[in-house]
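**Q** Could you have a look at this structure, given as structure tokens, before my questions?
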Amino acid sequence: MVRRAWLGLFLALTFLPLYWMVNMSLRTNQEIVSGFRLVPLDPTLANYRTIFTNPSWYGGYLNSLTYVAINTVLSVAVALPAAYAFSRYRFLGDKHLFFWLLTNRMSPAAVFLLPFLELYSSVGLFDTPLAVALAHTLFNVPLAVWILEGFMSGVPREIDETAYLDGFSFPRFFMRIFLPLVRTGVGVTAFFCFMFSWAELLFARTLTVVDAKPIAATMTRTVSAAGMDWGVLAAAGTLTLVPGGLVIWFVRNYIAKGFALGRV
Amino acid sequence: MSPHAKPRNERAWFLVLPVCVLVAFNALIPLMTVVNYSVQDIVSPDQRVFVGWEWFKSVLRDPELHAAFGRQVLFSVVVLAIELPLGLSVALCLPRGPGGSTWQASLCTVLIAMPLLVPWNVVGTIWQVFARTDIGLGGAVLTKLGVDYNYALDPVHAWGTVVVMDVWHWTPLVVLLCYAGLRAIPETYYGAAAVDGASRWAVFRYIELPRLSGVLTIGVLLRFMDSFVIYTEPFVLTGGGPGSSTTFLSQHLSTLAVGQFDLGRASAFSLIYFLPILIVCYVFYTLMTREERS
Chain A
1 MVRRAWLGLF LALTFLPLYW MVNMSLRTNQ EIVSGFRLVP LDPTLANYRT
51 IFTNPSWYGG YLNSLTYVAI NTVLSVAVAL PAAYAFSRYR FLGDKHLFFW
101 LLTNRMSPAA VFLLPFLELY SSVGLFDTPL AVALAHTLFN VPLAVWILEG
151 FMSGVPREID ETAYLDGFSF PRFFMRIFLP LVRTGVGVTA FFCFMFSWAE
201 LLFARTLTVV DAKPIAATMT RTVSAAGMDW GVLAAAGTLT LVPGGLVIWF
251 VRNYIAKGFA LGRV
Chain B
1001 MSPHAKPRNE RAWFLVLPVC VLVAFNALIP LMTVVNYSVQ DIVSPDQRVF
1051 VGWEWFKSVL RDPELHAAFG RQVLFSVVVL AIELPLGLSV ALCLPRGPGG
1101 STWQASLCTV LIAMPLLVPW NVVGTIWQVF ARTDIGLGGA VLTKLGVDYN
1151 YALDPVHAWG TVVVMDVWHW TPLVVLLCYA GLRAIPETYY GAAAVDGASR
1201 WAVFRYIELP RLSGVLTIGV LLRFMDSFVI YTEPFVLTGG GPGSSTTFLS
1251 QHLSTLAVGQ FDLGRASAFS LIYFLPILIV CYVFYTLMTR EERS
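Protein chains in written order, with our numbering: chain A, 1 to 264; chain B, 1001 to 1294.
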């Protein structure tokens, strides 16, 4: 009984701030500012309409989705063979390399801010989604390698050896036999790459000005520039929860594993 | 299977090559740039002077940095001290074993994980609209209760709000880690404890807690690392203020780097910032690889 109550209280407090944002997104700015109300008096979708009709708002979402998609595909694609190598073989400097990848996942983004600005300007990628996608590989590639390595180490090595004895070449074995065996891991990894790229603001904001401005930056800049349109801000925030909310059910058993870099 | 049994194969380098190229482009070039800047005084693009350790000395003597460092350590310690016991206590309440049906467990997991999926800047926005006294539920309730609460003006209130925000955001991670650890404990352990007539506390102290040491270690390290480099959430919520009361290391650094373009000082600071992170990473790495070997 006490357990239930404690759990219920925790969940209620978790959802209170989330509820409040959704609640605000359904009210007009006048109503928000004029009075305090637990339940919207006259729920309206006007704030969402603003977002879906104003290019500077929905463009932000499109920009974010573009670089997040590029980043996820790129991170998983390069991490797959590397994770296989780490889980199956010993090679010169493997431990140092694995550790170096970890330090990149953990390092503060602020350190890379200025060099990234110069690097991506000098290669002509500044203010493009590709620059943000590449910048996010700094932490997502190590993340993907670590998570995938955790999943791949759970697949018995006898499977590889049998396949090679049966005359499978490495690429054919990898695509036909091994990938289907670790498909859960690939899905979970893609989900986490997606989430971390979607959630990151510092690089995304610094590496873009106009053309590739992500939704996160649109939100902060609108707050400071055009006064406070709380309703639209809340609606924009609510919409950012949609992608994660859609897929979470499928990865429910792997959330802890993903955040713990595949080590749980 | 222990890593000792892995065959040696230098050709595996071809498989890790794409990762190396990509991460080297993203990590090595910028890092060298930082090292380069940290020992020079760049007056103009054509005029640069080698200054040796001067920037490092000046950064280490900077009282603002000392203050930011102090706040950072205090913040990390406070959130760890709250999130770990809280997360553990919630995880112990979750249904598990044959008694708790699986869909209930899944539903709880998904609901608890919700804050983890919120983009970090939106975490700031959520707490901004929640904690404001004029339009926010939390702020309004505190005001009704007679607390003269205003996180934008009072440093203590700002601190409290940032800590509560972080607890809200990241305690779910500790819950999920502990829950994963608890579910891995074999049912027979509890059976044996029941035969011995062990109290609930004894079960926790002598069965559950030792079995959770692995996930708790991961939890401590991850939460320390992430709170030590926190930037986005306080930036959106308080902007580091009032004054500089909630300016943590990352924000201090980004102000130096892209706010004031103080290249030398920012670069020297960056390299110093790396030190504690490398140490914690090393501890994490050692513990992880040791656990997998045993």
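Heads up, the beta-carbon is just placed ideally off N, CA and C, and yes, glycines get one too.
When DSSP builds the beta bridges, which residues end up paired with F1050/B?
**A** Translated into positions along the second sequence, residue 1050/B becomes position 50. DSSP lists Q1040/B as partners of F1050/B.
**Q** Using CA atoms only, rank isn't needed, just tell me which of K1057/B, S1058/B and D1041/B is closest to F1050/B.
**A** In the second sequence, residue 1050/B corresponds to position 50, counting from 1. With distances taken between Cα atoms, F1050/B lies closest to D1041/B.
**Q** Report the residues of the region 1023-1034 of chain B with a CB closer than 9 Å to any CB of chain A, ordered along the chain.
**A** Residues V1023, F1025, N1026, A1027, I1029, P1030, L1031, M1032, T1033 and V1034.
**Q** Quick one: what does DSSP say R1200/B is sitting in, helix, strand or coil?
**A** Translated into the one-based positions of the second sequence, residue 1200/B becomes position 200. Reduced to three states, the DSSP call for R1200/B is helix.
**Q** Mapping DSSP to helix, strand and coil, what is R90/A?
**A** For the purposes of this step, residue 90/A is taken as residue 90 along the first sequence, with counting starting at 1. Strand.
**Q** Check whether chain B comes within 8 Å of P43/A, counting only Cβ atoms and requiring the distance to be less than that.
**A** For the purposes of this step, residue 43/A is taken as residue 43 along the first sequence, with counting starting at 1. Closer than 8 Å: no.
**Q** Given this structure, state the Cα-to-Cα distance separating S224/A from L97/A, to the nearest angstrom.
**A** The residue given as residue 224/A occupies position 224 in the first sequence. The residue given as residue 97/A occupies position 97 in the first sequence. With a pLDDT of 48 at S224/A, under the threshold of 50, the modelled position of this residue cannot be trusted, and the question is left open.
**Q** Buried or exposed, going by whether 16 or more other CB atoms sit within 10 Å of the CB of K1144/B?
**A** The residue labelled residue 1144/B in the question sits at position 144 within the second sequence. K1144/B is exposed by the Cβ-count criterion.
**Q** So the alpha helix (DSSP H) M24/A belongs to, where does it begin and stop?
**A** For the purposes of this step, residue 24/A is taken as the residue at position 24 of the first sequence. Its alpha helix (DSSP H) spans residues V2 to S25.
**Q** Using Cβ-Cβ distances below 8 Å, what residues of the region 1107-1136 of chain B are close to chain A?
**A** Under the 8 Å Cβ criterion, the region 1107-1136 of chain B contributes C1108, T1109, V1110, L1111, I1112, A1113, M1114, P1115, L1116, L1117, V1118, P1119, W1120, N1121, V1122, T1125, I1126, W1127, V1129, F1130, D1134, I1135 and G1136.
**Q** At which residues does the alpha helix (DSSP H) containing V1229/B begin and terminate?
**A** Along the second sequence, read from residue 1 onward, the residue named residue 1229/B stands at position 229. Note, V1229/B: premise wrong, no alpha helix (DSSP H); not H, not E.
**Q** Using the three-state DSSP reduction, which class does R49/A fall into: helix, strand or coil?
**A** Residue mapping note: residue 49/A aligns to position 49 of the first sequence, counting from 1. R49/A falls in the helix class under three-state DSSP.
**Q** In chain order, what are the residue ranges of uninterrupted alpha helix (DSSP H) at least 4 long that sit wholly in the region 82-163 of chain A?
**A** Listed in chain order, they are 94-106, 109-122 and 129-152.
**Q** Would you tell me roughly how many angstroms separate the C-alpha atoms of G1219/B and Y84/A, rounded to the nearest one?
**A** Within the second sequence, residue 1219/B is the residue found at index 219, counting from 1. Within the first sequence, residue 84/A is the residue found at index 84, counting from 1. Using only the alpha carbons, I get a separation of about 26 Å.
**Q** For L1222/B, which option in L1028/B, V1039/B and L1080/B has the closest C-alpha, if you only look at C-alpha atoms?
**A** Taking the second sequence and counting its residues from 1, the one referred to as residue 1222/B is at position 222. Minimum Cα distance to L1222/B is reached at L1080/B.
**Q** Give, in chain order, every residue of the region 69-89 of chain A whose Cβ lies closer than 7 Å to some Cβ of chain B.
**A** Cβ contacts with chain B come from V78, A79, P81, A82, Y84, A85, R88 and Y89.
**Q** Determine the DSSP secondary structure at R1008/B, reduced to helix, strand or coil.
**A** Looking up residue 1008/B in the second sequence gives position 8. Strand.
**Q** Skipping 5 residues on each side, what residues in its chain have a beta carbon closer than 7 Å to that of L1116/B?
**A** As a first step, residue 1116/B must be located in the second sequence, where it is residue number 116. Correct list, in chain order: P1172 and L1173.
**Q** Which residues in the same chain have their Cβ closer than 7 Å to the Cβ of T238/A, if we skip the five residues on either side of it in sequence?
**A** Walking along the first sequence from the start, residue 238/A turns up at place 238. Correct list, in chain order: M21, V22 and S25.
**Q** Give the straight-line distance between the Cα atoms of L201/A and F192/A, rounded to the nearest whole angstrom.
**A** If you number the first sequence from 1, residue 201/A lands on position 201. If you number the first sequence from 1, residue 192/A lands on position 192. Straight-line Cα distance between these residues: approximately 16 Å.
**Q** Spatial neighbours of L125/A within its chain, please: CB distance less than 6 Å, with the 5 preceding and 5 following residues excluded, ordered by chain position.
**A** Along the first sequence, read from residue 1 onward, the residue named residue 125/A stands at position 125. Correct list, in chain order: A131.
**Q** Can you find a C-beta in chain B that's less than 8 Å from the C-beta of I255/A?
**A** Along the first sequence, one-based indexing puts residue 255/A at 255. It does; some Cβ of chain B falls within 8 Å.
**Q** Between I32/A and chain B, is there a C-beta pair that is closer than 8 Å?
**A** Position 32 of the first sequence, counted from the start, is the residue given in the question as residue 32/A. For I32/A, the answer is yes, since a Cβ of chain B falls inside 8 Å of its Cβ.
**Q** Report the residue ranges of all beta strand (DSSP E) runs contained in full by the region 1049-1127 of chain B; include only those spanning at least 3 residues, in chain order.
**A** Counting whole runs of 3 or more residues, the region 1049-1127 of chain B contains no beta strand (DSSP E) stretch at all.
**Q** Determine, using beta carbons only, whether S1089/B comes closer than 8 Å to chain A.
**A** For the purposes of this step, residue 1089/B is identified with residue 89 of the second sequence, where counting begins at 1. So, interface residue.
**Q** Alpha carbon to alpha carbon, how far is S1295/B from A1194/B?
**A** Any answer about residue 1295/B is impossible in this case: the structure gives chain B only from 1001 up to 1294.
**Q** Sorted by chain position, which residues of the same chain lie with C-beta nearer than 8 Å to L101/A's C-beta, five sequence neighbours on each side aside?
**A** As a first step, residue 101/A is located in the first sequence; it is residue number 101 there, counting from the start. Result list for L101/A: V141, P142, V145 and W146, in chain order.
**Q** Quick one, which of L11/A, Y61/A, P40/A and V210/A has its alpha-carbon nearest V1110/B's?
**A** Locating residue 1110/B in the second sequence gives position 110, counting from the first residue. That would be L11/A, whose Cα lies nearest to the Cα of V1110/B.
**Q** Once DSSP output is grouped into helix, strand and coil, what is the label at F1248/B?
**A** On the second sequence, position 248 is the one that residue 1248/B refers to. Three-state DSSP puts F1248/B in coil, outside helix and strand.
**Q** Do L74/A and L148/A have their CB atoms nearer than 8 Å?
**A** Within the first sequence, the letter at position 74 stands for residue 74/A. Within the first sequence, the letter at position 148 stands for residue 148/A. No, they are not a contact pair.
**Q** Please classify W257/A: does DSSP put it in a helix, a strand, or coil?
**A** Counted from its first residue, the first sequence places residue 257/A at position 257. Note that residue 257/A corresponds to Lys in the displayed sequence, not to Trp. K257/A: helix per DSSP, three-state reduction.
**Q** What does L125/A touch in chain B if you count any residue whose Cβ is under 9 Å from its own?
**A** Residue 125/A sits at position 125 when you count from the first residue of the first sequence. Within 9 Å Cβ-Cβ: nothing; L125/A doesn't reach chain B, min ~11 Å.
**Q** Can you give the beta carbon distance from A272/A to L1253/B, rounded, assuming they're within the 8 Å contact cut?
**A** There is simply no residue 272/A to check, as chain A begins at 1 and stops at 264 in what is shown.
**Q** Which residues of chain A have a Cβ atom closer than 7 Å to the Cβ of L1145/B, listed in chain order?
**A** In the second sequence, the residue the question calls residue 1145/B occupies position 145. In chain order: nothing, as chain A lies at least about 14 Å away.
**Q** Anyone know if the C-beta pair for T1232/B and G1240/B falls short of 8 Å?
**A** What you label residue 1232/B is simply residue 232 of the second sequence in a count that begins at 1. What you label residue 1240/B is simply residue 240 of the second sequence in a count that begins at 1. Their beta carbons are not under 8 Å apart, which means T1232/B does not touch G1240/B by this criterion.
**Q** Less than 8 Å between the CB atoms is what I'm expecting for K1006/B and Y89/A, so what's the real figure, rounded?
**A** Against the second sequence, residue 1006/B aligns to sequence position 6. Against the first sequence, residue 89/A aligns to sequence position 89. Sure, about 6 Å apart at Cβ, within 8 Å.
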